[in-house]
Amino acid sequence: EDEERQHDEL
Amino acid sequence: MNLFRLAGDVSHLLAIIILLLKIWRTRSCAGISGKSQILFALVFTTRYLDLLTTFISFYNTTMKVIYIGCSYATVWMIYAKFKATYDSNHDTFRMEFLVIPIAALSLLVNHDFAPLEILWTFSIYLESVAILPQLFMVSKTGEAETITSHYLFALGLYRALYLMNWIWRFFAEGFFDLIAIVAGLVQTILYCDFFYLYITKVLKGKKLSLPA
């Protein structure tokens, strides 16, 4: 996967 | 956002504020491990670097900024402002014993071998054990002030609530992040002994003291 991973939690 | 996650975040925020207020109002950081607070500052710094690259939500950004700010303020109070009250003789846990193996582990076990991702992984692993110097200090002195116990309880509860959030998200969204879940489990387990003492002693109005 090319897209940067998003961490939506704190 | 579900209720468990929100409650977890609030509990986390409450813990940080309880600690800040305790130190500020008593003008003393006695009984507080500066090393745990340095580790938490490191956790927030390495995890929230995405503030510079990704915008998730106003809520997300605000909370991250508050966590980082409070964390550095706490470290500053312990090592500068109220340094004279810092109990360094009892804060003897060696941080490198945690940081170095965790740095190695985050290089080996991560979702993606990219700088930000490795730092995020490092912060997740480090957070799970960052409280150890504080717990070590409590066990060494055999006691903790009641306000310190409230701090530890709120801080432990936060990850336990996140575990519920992850169960919720797994069923509701099919979302799961194994690194966060395993580290969160380890983190919560480390607090279990303390939870037991908190419920059986502190909630009944007694000071938290360990049997000699």
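Chains as they are written, first to last, in the numbering used here: chain Y, 99 to 108; chain E, 369 to 580. Glycine is no exception: its CB is placed at the ideal position from the N, C-alpha and C atoms.
Reduced DSSP secondary structure (H/G/I, E/B, other) of residue i
i      : result
L410/E : helix
L578/E : coil
K540/E : First, the residue type needs correcting, since residue 540/E is Ala and not Lys in the sequence shown. Of the three classes helix, strand and coil, the one that applies to A540/E here is helix, per DSSP.
E511/E : strand
M463/E : coil
I400/E : coil
A482/E : coil
E108/Y : One detail in the question is off: residue 108/Y reads as Leu in this sequence, not Glu. Looking at L108/Y - three-state DSSP - the assignment turns out to be coil, as it is neither helix nor strand.
I424/E : coil
Whole-angstrom C-beta distance between residue j and residue i, which should lie under 8 Å
i      : j      : result
L576/E : L558/E : Not really, about 16 Å apart at Cβ, beyond 8 Å.
G399/E : A512/E : 6 Å
Q555/E : R527/E : 5 Å
Exposure label - residue i; buried when at least 16 CB within 10 Å
i      : result
S491/E : buried
C397/E : buried
E99/Y  : Low local confidence applies: a pLDDT of 48 at E99/Y is under 50, so the model's placement there is unreliable, with the coordinate-based value given in what follows. Burial call: exposed.
T414/E : buried
Y416/E : buried
N428/E : buried
M505/E : buried
S425/E : exposed
M445/E : buried
G510/E : exposed
Within chain Y, partners of residue i - CB distance below 7 Å
i      : result
W488/E : H105
E485/E : R103
M431/E : L108
D377/E : L108
Within chain Y, partners of residue i - CB distance below 9 Å
i      : result
I424/E : Q104, H105 and D106
R373/E : E107 and L108
C-beta neighbour in chain B for residue i, strict 9 Å
i      : result
Y519/E : This model lacks chain B altogether; the protein chains it does include are Y and E.
Interface partners of residue i on chain Y, CB under 8 Å
i      : result
N428/E : D106 and L108
H479/E : R103
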